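Mind the numbering: the sequence shown is residues 589 to 792 in my numbering, read in order.
C-beta: ideal position from N, C-alpha, C; glycine also.
Computed from a prediction, not measured in an experiment: that's the story for all the values here.
As C-alpha cells, the structure follows; a few thoughts come after it.
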Amino acid sequence: MQQTQVEVCYSNLEQALLGNQVDMVMNGWEKTADRLKTETFSDPYYSYGQQVIVRKDDTRFANVVPKTVKDLEGYTVGTGSGYKAESIMLADKKINVKSYTGNIAFTDLVQKKVDAFFLDFPIAAYYILGTGPGATPIPELKLLGDPIYIDDYFVGFKKTNPNSAILLPEINQCFAILKKNGTLKKIYTKWQLMNSLQAQIGVM
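If you want it as C-alpha cells, here you go:
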C-alpha cells in the first residue's frame, strides 16, 4: 500500500473526505454530531482543549480565568471556520463570533480588530508560544488561563468508502504501538504539547 499526503485547507477537509478525494483526514479532526452521521473515527491520539488568547496589555482580562465561553460574552472573538470552538461560541448569542477561513489572522487581535481568539490549544501553542517547526511567538499576545472544553483528536474516515474498513484497524494498531513504546510522548514532549490530559488516552 502506498500513501499519498494531500494538503487541503481545513475548511475543505470534510468536502475532500466525503468526495472521495482522500481516504482519511487528520488535522485537529474532532468528532461532531454532523460528522458522526457520515464518518467513522480512529482511536484518539491527542487530548486537547480550547484556548483563549488575548493581548498582553488588555486590562479587561486582567483578572479573568476562563471557565466557559460565558467569559467571552460581549466581546468580538475570532476562531477558525469549521473549528469546534466556532460551534461552541455560536451557541452563545452574546458572543460576536468572527470566523476565519484558511490562516488565522492573529494580526487582527494585535491590531485590536477583535478582542480575543478562541481555538485549539495546539494552534495557540504554535503561534503564541512558538512551539513547533519554524514557529515564532507573537510577543503582543498571551494565553489566558488553561484550556477548557477538553476533547480529543481523531483520524476521520468516510463510512461508505470501502478503504475505510482496511485503513481504520491499521491506524488504530499504529496508534496503540506508538502509545505503548513512548513515541507519541516523545513527540509531544519535544514540541511542548505533553500534559496530564494525555494519560486518559494512554499516552504516558
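Quick one: any contact between the region 719 to 732 and the region 627 to 647, if contact means 3 or more CB pairs under 8 Å?
The count of Cβ pairs closer than 8 Å, one atom from the region 719 to 732 and one from the region 627 to 647, reaches three, so the stretches are in contact.
For V791, name the three-state secondary structure that DSSP assigns.
Walking along the sequence shown from the start, residue 791 turns up at place 203. Judged by DSSP in its simplified three-state form, V791 adopts coil rather than helix or strand.
For K625 and Y671, I'd like the C-alpha separation in whole angstroms.
Position 37 of the sequence shown, counting from 1, holds the residue named residue 625. Position 83 of the sequence shown, counting from 1, holds the residue named residue 671. Between the alpha carbons of K625 and Y671 lies a distance of about 18 Å.
For I711, report the span of its alpha helix (DSSP H) as first-last.
Your numbering for residue 711 matches position 123 in the sequence shown. Start and end: F709 to A712.
Can you tell me where the alpha helix (DSSP H) holding S675 begins and where it ends?
The sequence position of residue 675 within the sequence shown is 87, counting from 1. Run containing S675: K672 to L678, per the alpha helix (DSSP H) assignment.
Could you name the residues of the same chain whose beta carbon sits closer than 7 Å to that of T664, not counting the 5 residues immediately before and after it, in chain order?
Taking the sequence shown and counting its residues from 1, the one referred to as residue 664 is at position 76. Answer for T664: N684, K686, V702 and D703, listed in chain order.
Based on the DSSP output, what are the partners of L732 in its beta bridges?
The residue given as residue 732 occupies position 144 in the sequence shown. According to DSSP, L732 bridges with V640.
Taking the continuous beta strand (DSSP E) assigned at K767, which residues delimit it?
Residue numbering aside, residue 767 sits at position 179 when the sequence shown is read from its first letter. DSSP places K767 outside any beta strand (DSSP E); the residue lies instead in the alpha helix (DSSP H), whose first and last residues are S752 to K768.
So, for S635: in the same chain, excluding its five sequence neighbours on each side, which residues have a beta-carbon less than 7 Å away from its beta-carbon?
What you label residue 635 is simply residue 47 of the sequence shown in a count that begins at 1. Cβ neighbours of S635 beyond the five flanking positions: I738, D740, L785, Q786, Q788 and I789.
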